[in-house]
Structures are given as structure tokens and as C-alpha cells.
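In our numbering, the protein residues as written are 2 to 496.
This is the structure we're talking about:
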């Protein structure tokens, strides 16, 4: 019984489930069918829109095709017309070419006739020139015979005139006139001379002469520029202290003031270089130079190269003023300022002044730094005032050579400049010791004692520390005594 009940319950549950499933299936099928009908309507509408667009595009394409066909028909008509025009032009050009051929043939015949006539004329001219040369040789022989008879009793002045006459006759025989001034020489364009080269003829005093005959005249003119004693040719020797750029500036001024022609400028530039090394450089470079501008570039590149300028810059910052050089303070400053003026790039006056300031003794450096110098002129003025005070004995900032004790007797090196360079620490040690001594002097002055000037310095102050003797008797006995007022006077130089 229980099994039957269970079977019955199971059957009833299955019926319920089947009914629910059928209801749900019907509901889902109805929904899906609605969606399908909706999608079908949407697709139909979209298809209609697409069909309408395609119809519009096809209509536009058809209209464009019609327009393109019409334009193609028009272009074909125009091309056919142009082809006809080109054919007619080609026919006309062929006729013109035939006419030109006939003209060229006629001109060639005329040229052949003229060449025959010109060769005949040239032969006649050559014969005439030959006769003229023979006559000139006869004149030369007669002149030489006459001059030989006169040479025995001739004075030096008359000998010079006779030699000039011989040169004139020789130039006449060779077809070249007497050496004229350069101003009367002018080139004749588009004229063919006997050397068969155009633009070779030169007009000399109204006569057409081949340029090859003017070379002796040019050599004579170049020597005439060297013979002037009022404004001689500047010379450059590597062993001298002449700056290469200064020499080039002098050469430019010489060429401009003497109105030297461009054809002679290069030879004069070569003659301006003297000395064995300079002559060797000229012999090496001469074959590669064709004008004066190339010479200037080669000269500056050899004698004033970047390496040479670098050495000058090093000396500008590292050299020291040597009293044994014979130069005063202002002359030493001017020498290095002039060297710096030719550097590239050129340093300013302030840079030059700051660099050369360290060449001088400590007290001169203090005076220059305290003056706030900005130009070379101000520095020279200050150094000249220091020199005047040294001459009066009121300032001992640099201590002239005449008041220095004998350095060799104490075993010092012969060159203090080289010693100071090899021992850079001595320079700073000397400055430190000098500052300490200066402080001691000021301290004694405050206590009322009369001591050596607080701002003065002597050869002892400028010597290396290790080279000073133990005793103080090596001081200059002729040096004047200094009061504190003198020290203030030296210090006021910088103000």
C-alpha cells in the first residue's frame, strides 16, 4: 500500500512538474517569438534604409559616369586638335632646319675663304716682322760697335747711361718697350697676341704688348719698391721679438701706401722675411702660394698658430718681472699687454691687467689691486708713478738692481725667476713671512717705537727664505730710513 501511495505521489508530482514546464515553455516560446518578430521588423526596416542609400549612391555614380564620359569626349576632341597642331609645327620645323643647314653650309664656305685670306695676311705680316727684326739686329750691332769704341774712356755716370741705352736697344729688338711705370700698363681684353692666347695683350703707353714680355719690367718694378729709404720694406726675423701679426699689419700698410700692384705683392712679401729659418720656410712654401692673401694665411698659420698663442697666454699668467732684464715696471707691463693684444680671441684690458699684476713684487701688486684698474692706460699711469717714487727714494716696492746685494756670493741660483718657478712654495712662504713681519712693525709703531716702514720692502723681503743669511749685516747700508708716514704714502698709491 505504501508503495502504491508513493507511486501515486510521484505520478502527481510528475504531472505538476510537466504542467509547470509546459507553461514555462509556452511563456518562453511566446517571448522568443515576439523577439524574433521584433528583430524581423527591425531588419526589414534597416534593409529598406540600406536599399534607399544604395539607390542614391547608384544614381550619383551613374551621373558621375555620365559627366566623366562627357569630359573624356571633350578631351579626346582637344587632343586630336593639338595633335594636328603639333604635326603642322613639326612640318614647319623641318623646313626651318633645312633652311638653317643651307645657311651653315654657306657660312662654312665663307669661313674657308676668309681663313685662306687671313693666312696670306699672316704670312705677309710675318715676313714684314722678320724684316723689321733684321733691321733691329743691324741697329743693335752698330750700337754695340759704337759703344765698344767709347768704353775705354767712359766715366761711371756715362757708363750707366750707356748701359741704359744698351737695355733700350735690347728691349727694342725683343719687341718689349722700355720699362714703363705700372700706372701706364692696362690689360686689353679679347685681343689675341702672338702667343695664341686671348686676354694676354697688355697696353703699355698705348702700344699692345704680349704680357710675357712684361716680366722683366715687373722684376725691375719690384726692385724699385725695395730701393726707397724713406719708407723701407718691413722685415721679419724669427729670432727677433717682432710679433707676426704686427709684421702682417706693417706689410699691409706698406702695400697700401706704396700702391704696390697685386702681381708684385707676393714677391715683396717673400723678400720681407729674413733669417736662415725664414728663408727655408719661404723656399718650402713658395711653390704652393699664388697670391699675397694665401701668403698671409700660411704665414699666420706657421708663426702665430694656436699653439704659439697658447704659449703666449701661459707666459702672460706665469712670467715674473725680472729686474735684470733692463725693463722698467711700465715697460714690462706694456710688453705683455702688446703681446696679449694680438691673441685670438683678444682678452679684455681687465683680464690683461689682472694677469700681469702678479708679475710684480708684492707691494706693487697691492697698489695695483687697491686701485681697481680697468684699462691698460690706468695701469701704465700707476706704474710710472711708482717708478718716479722709486727714483726719489720714497718708495721701495720693487727695489732697483743697484741697491741689491750680491746674490751670487750667498750661493743663490743665477736666475731668481727660474728658481721661483721651480720652487713655487717659496713664493707663498715669502708672502706669509712678509705679512708677519709687517704685523710686527705695526705693533711696534703702536707702542711708539720708530721702526722700518710698515709698507716698505727691499731685496731681502723678496728673497727666498732659505737663502737668507743668519746675520742682518747684509742689508743695504745706503738704503734710507723710513717712517710710518712713508709707508702710508706707498699704501695710498692704490687709493
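C-beta: ideal position from N, C-alpha, C; glycine also.
With burial defined as no fewer than 16 other Cβ atoms inside 10 Å of the residue's Cβ, what is the status of residue i: buried or exposed?
i	result
residue 2	exposed
residue 273	buried
residue 383	buried
residue 377	buried
residue 364	buried
residue 232	exposed
residue 322	buried
residue 353	buried
residue 112	exposed
residue 462	With a pLDDT of only 44 at residue 462, under 50, the local geometry of the prediction cannot be trusted, and the value read off the model is given with reservation. So residue 462 ends up on the buried side.
residue 279	buried
residue 80	exposed
residue 12	exposed
residue 84	exposed
residue 277	exposed
residue 49	exposed
residue 360	buried
residue 33	exposed
residue 255	buried
residue 19	exposed
residue 140	exposed
residue 270	buried
residue 493	Summary for residue 493: the model assigns pLDDT 47, below 50, so the residue's position carries little reliability, and this model does not support an answer.
residue 300	buried
residue 330	buried
residue 450	For residue 450, the predicted model reports a pLDDT of 44, less than 50, meaning its position is unreliable; a value from the coordinates is still stated below. Flag for residue 450 reads exposed.
residue 237	buried
residue 252	buried
residue 127	exposed
residue 28	exposed
residue 8	exposed
residue 51	exposed
residue 380	buried
residue 109	exposed
residue 357	buried
Going by DSSP, which residues form a beta bridge with residue i?
i	result
residue 1	Nothing can be reported for residue 1: it is not among the residues displayed for the chain, which extend from 2 to 496.
Going by CA-CA distance only, name the one from the options that's closest to residue i.
i	options	result
residue 349	45, 329, 372, 317	317
residue 333	300, 388, 281	388
residue 305	104, 89, 245	245
residue 297	284, 145, 240, 266	266
residue 303	268, 331, 249	249
residue 375	362, 355, 335	355
residue 339	123, 108, 247, 54	247
residue 268	281, 287, 257, 282	287
residue 283	30, 59, 239, 326	239
residue 257	234, 243, 241, 242	234
Three CB pairs or more closer than 8 angstroms across the stretch 286-303 and the stretch 261-277: yes
The stretch 336-346 contacting the stretch 304-317, beta-carbon criterion three pairs below 8 angstroms: Contact between the stretch 336-346 and the stretch 304-317 is present, because at least three Cβ pairs lie under 8 angstroms.
Entirely enclosed alpha helix (DSSP H) segments - the stretch 33-83, minimum 4 residues: none
4-residue-minimum alpha helix (DSSP H) runs that sit fully inside the stretch 280-313, ordered along the chain: 293-304
Taking only runs of the alpha helix (DSSP H) that begin and end inside the stretch 310-384, which ones reach a length of at least 4 residues, in chain order? Whole alpha helix (DSSP H) segments, 4+ residues: 330-342, 350-358, 363-372.
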